[in-house]
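*Asks:*
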Amino acid sequence: MSKAPFEPHAEELPERLPVFPLGGVLLLPRGRLPLNIFEPRYLAMVRDALAAPLRLVGMVQPKDRSYGAGVIPGEPELCRVGCAGRIISFAETGDGRYLIELKGVARFAITREARENQPYRVAVVDWSHYRGDIDETPQFVDREKLITALKAYFQQLNLNPDWRALETLMDDRLVTTVAMLAPFAPHEKQALLEAADTKLRAELLIGLIEMAVKANAGPPTQLN
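Written out as structure tokens, the structure reads:
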């Protein structure tokens with residue numbers, strides 16, 4: 080499989096990665112995530128990432144603060160698994176913000192946080208379990224079951240998506256798009272991130288959607 084010109088190879092992935100803790104936000108390999116950056120430390124992070132060869136930022140969810148303090152006093156502990164995204168677009172605003180878009184590259188496991196001089200957090204990461212993310216072979220997904228679940232779910236949410244556009248997406252892109260955009264709880268998003276591959280992620284996604292539909296359906300109608 081040939082690579083796009085700017086896509087990294089597994090052997091190029093760095094040992095240290097700037098990390099952006101953001102609860103309830105999910106980035107998956109090959110998914111696209113727009114971000115509005117305004118905090119000074121994350122503005123610095125973006126500038127440094129743009130100066131690096133691969134332009135990578137690690138997206139990771141913070142754990143609930145009840146789990147304990149992180150390496151940096153006053154900062155939450157981070158979930159162990161995150162996903163690195165490559166900055167593929169960048170724009171400045173007139174009020175001092177950066178608008179960027181990340182494209183998911185591969186997941187990583189945090190082995191420890193590095194104490195460095197940057198104002199943002201940096202992690203020493205292990206890619207070994209997730210190198211397959213870069214060139215994952217397309218897998219069978221029960222597309223009919225997923226679409227059926229989605230129709231019931233979107234109807235409950237009073238959403239009217241462009242079904243024609245959704246149904247033209249390849250299986251892996253459909254699973255990634257729905258998993259990233261659906262309003263699941265942070266722990267559910269983390270479970271989707273940590274699913275071993277697209278097939279298992281699709282099965283989990285269908286299960287989460289079906290549970291959400293059932294939970295919001297209300298009590299059964301009583302017949303007299």
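Count the sequence shown with our numbering and you get residues 80 to 303, in order.
Backbone N, C-alpha and C define an ideal beta-carbon position, used for all residues, glycine too.
As the structure is a prediction and not an experimental result, all values here were calculated from the model.
When burial is assigned at 16 or more other CB atoms within 10 Å of the CB, is Glu-267 buried or exposed?
*Replies:* The count along the sequence shown starts at 1 and reaches residue 267 at position 188. Looking at its Cβ environment, which holds 16 or more other Cβ atoms inside 10 Å, Glu-267 is buried.
*Asks:* Helix, strand or coil: how does DSSP classify Met-124 here?
*Replies:* The residue labelled residue 124 in the question sits at position 45 within the sequence shown. Of the three classes helix, strand and coil, the one that applies to Met-124 here is helix, per DSSP.
*Asks:* Starting from Phe-233, follow the alpha helix (DSSP H) in both directions and report where the run begins and ends.
*Replies:* Taking the sequence shown and counting its residues from 1, one reaches residue 233 at position 154. Per DSSP, Phe-233 belongs to the alpha helix (DSSP H) from 222-235.
*Asks:* Compare the beta carbon distance of Leu-236 and Ala-258 with 7 Å and say whether it is the shorter of the two.
*Replies:* Taking the sequence shown and counting its residues from 1, the one referred to as residue 236 is at position 157. Taking the sequence shown and counting its residues from 1, the one referred to as residue 258 is at position 179. Not a contact, by the Cβ cut-off of 7 Å.
*Asks:* In angstroms with no decimal places, state the Cα-to-Cα distance between Val-204 and Ala-131.
*Replies:* The residue given as residue 204 occupies position 125 in the sequence shown. The residue given as residue 131 occupies position 52 in the sequence shown. So the alpha carbons of these two residues sit roughly 17 Å apart.
*Asks:* Report whether the distance from the Cβ of Ala-89 to the nearest heavy atom of the ligand MG is below 6 Å.
*Replies:* With respect to the ligand MG, the structure offers nothing, as it holds no ligand at all.
*Asks:* Within 10 Å of its beta-carbon, does Asp-212 have 16 or more other beta-carbons around it, so buried, or fewer, so exposed?
*Replies:* In the sequence shown, the residue the question calls residue 212 occupies position 133. Buried.
*Asks:* Suppose the cutoff is 6 Å on Cβ atoms and the five residues either side in sequence are ignored; what does the same chain contact list for Met-137 look like?
*Replies:* Here the question's residue 137 lines up with position 58 in the sequence shown. A small correction: the amino acid at residue 137 is Gly; Met does not occupy that position in the sequence shown. Closer than 6 Å at the Cβ level, and outside the excluded window around Gly-137, lie Leu-96, Val-98, Gly-161 and Ala-163.
*Asks:* Taking 7 Å as the threshold (C-beta atoms), are Phe-117 and Tyr-176 in contact?
*Replies:* For the purposes of this step, residue 176 is taken as the residue at position 97 of the sequence shown. For the purposes of this step, residue 117 is taken as the residue at position 38 of the sequence shown. Contrary to the premise, residue 176 reads as Arg rather than Tyr in this sequence. Yes, the Cβ-Cβ distance between Arg-176 and Phe-117 is below 7 Å.
*Asks:* From Pro-299 to Val-292, what distance separates their C-alpha atoms?
*Replies:* Numbered from 1 along the sequence shown, position 220 holds the residue referred to as residue 299. Numbered from 1 along the sequence shown, position 213 holds the residue referred to as residue 292. The predicted model places Pro-299 with a pLDDT of 47, which falls under 50 and marks its position as unreliable; any figure quoted below should be read in that light. Going by the C-alpha atoms only, they are around 13 Å apart.
*Asks:* Once DSSP output is grouped into helix, strand and coil, what is the label at Met-290?
*Replies:* Locating residue 290 in the sequence shown gives position 211, where the first residue counts as 1. Met-290: helix per DSSP, three-state reduction.
*Asks:* Please check the pair Leu-135 and Arg-165, which I expect to be a contact at CB under 8 Å, by giving their CB distance rounded to whole angstroms.
*Replies:* If you number the sequence shown from 1, residue 135 lands on position 56. If you number the sequence shown from 1, residue 165 lands on position 86. Yes, Leu-135 and Arg-165 are in contact; Cβ-Cβ is about 6 Å, under 8 Å.
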